[in-house]
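Protein chains in written order, with this note's numbering: chain A, 1 to 139; chain B, 1001 to 1138. To start, the structure under review is shown below, and the notes come after it.
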Amino acid sequence: MNAFTDFFKKTILARKIIFIVEDNEIYAKSLQGYLTIRFPEIDIKLFPDGESCLKELGENPKVIIMDHLLNTKNSDAATGLSTIKKIRAINPDASLILLSSQKEFEVVSKAISKYGCTYVQKDDLAFQNVEQLINVFTS
Amino acid sequence: MVNTNSGKRARLPKTATKEIQEQKKLCDMSYLAETLSGKKPLIKEIMDDFLALMPVELTMLNNAIAISDYAKIKSIAHKMRSSVSLMGIYVLEPVLIDLENTGTTAPDIEKATQLYDELDKTCKLAFKEIESEKQNYS
């Protein structure tokens, strides 16, 4: 039993997970594809909104990549920032990346200062910047 | 900028490559292909998703315009920008930016309607092109 427990701890529990919370499925899948190629040892899960992400926090994701505007499909969906606030209350150690084209200074500065997020602008280098951060957060 | 393990750094081009322009194509798949390291099944999956999801978003946008829901128009147009950029349909970037901005300064539903018509027309042509291009990724 000890050998099994050790194996379980080293493999199953040690397997890293990343969440991507993004309501644009095309963008989400492209980012997932990009990261899967570069981090084949990491499971990458997609969520269309903050609510569905919060339900799965028990999986203890190492990194959560969050879009800010998540209400295209569901106008009642919480914003990325409000979801981050709830994540911090449950999982203070998760590395959080706010990935958004949001240019409002107030949103960005709050995400960084109050919730310890790293902000990545959703521009033409976003995928590479996220990759670099994951290298840091998972090392 | 930072170095990455991938070595190559694909950037979203602002305009189509010269080759694409000469061929008078709407879609430049080179960024997506480079981003996904040429993995055909993944690229094809994204193309399929785009073909399935964009008509739905166009309908949502059309409905938002019909009821003059400027917040919804802005939200949907904003999201669409990421999708069309990934598929290299650069001609739609200024159209979507304009759509985002209708209602921001002065509400102009007539302008939104005209922009939607242009968006819809271009998307239909892009869909045909992508359907044809998919064969290269089977």
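Glycine is no exception: its CB is placed at the ideal position from the N, C-alpha and C atoms.
What is the DSSP secondary structure of residue 1079 of chain B, reduced to helix, strand or coil? helix
Kindly examine the ligand HEM and report whether one of its heavy atoms sits closer than 7 Å to the Cβ of residue 1038 of chain B. Among the components modelled here there is no ligand, and therefore nothing to report on the ligand HEM.
Would you kindly work out how many angstroms separate the C-alpha atoms of residue 59 of chain A and residue 1136 of chain B, rounded to a whole number? 38 Å
Answer with buried or exposed for residue 941 of chain B, where buried requires no fewer than 16 other C-beta atoms within 10 angstroms of its C-beta. An answer regarding residue 941 of chain B cannot be provided, because it is not within the stretch 1001 to 1138 covered by chain B.
For residue 1124 of chain B, the first and last residue of its enclosing alpha helix (DSSP H): 1109-1133
Cβ-based neighbour list, residue 127 of chain A, same chain, cut-off 7 Å, excluding 5 preceding and 5 following: 31 and 34
Status (buried if at least 16 other CB within 10 Å, exposed otherwise) for residue 79 of chain A: buried
Buried/exposed call for residue 50 of chain A, threshold 16 Cβ in 10 Å: buried
What does residue 34 of chain A touch in chain B if you count any residue whose Cβ is under 8 Å from its own? 1035 and 1036
Quick check: what's the CA-CA separation for residue 1087 of chain B versus residue 57 of chain A? 32 Å
Here's the rule: buried if 16 or more other CB atoms are within 10 angstroms of the residue's CB, otherwise exposed. What is residue 1075 of chain B? buried
If we cut at 8 Å on Cβ distances, does residue 1050 of chain B have a partner in chain A? yes
Using a Cβ-Cβ cut-off of 8 Å, state whether residue 96 of chain A counts as contacting chain B. no
Mind checking which residues open and close the alpha helix (DSSP H) that includes residue 1040 of chain B? 1040-1066
Kindly identify the DSSP beta-bridge partner or partners of residue 96 of chain A. A:64
Relative to the C-alpha of residue 18 of chain A, which residue among A:65, A:2, A:40 and A:27 is closest? A:65
Does the Cβ-Cβ distance between residue 1033 of chain B and residue 1046 of chain B come in under 8 Å? no
Under 8 Å from the C-beta of residue 1046 of chain B: neighbouring residues of chain A: 26, 29, 30 and 33
Just grab the DSSP bridge partners of residue 119 of chain A for me. A:98
In this structure, does DSSP put residue 1091 of chain B in helix, strand or coil? coil
With a threshold of 8 Å between beta-carbons, can residue 1068 of chain B be considered close to chain A, or not? no
Between residue 117 of chain A and residue 97 of chain A, how many whole angstroms is the CB-CB distance? I'm expecting something under 8 Å. 7 Å
How big is the Cα-Cα spacing for residue 1097 of chain B and residue 111 of chain A? 25 Å
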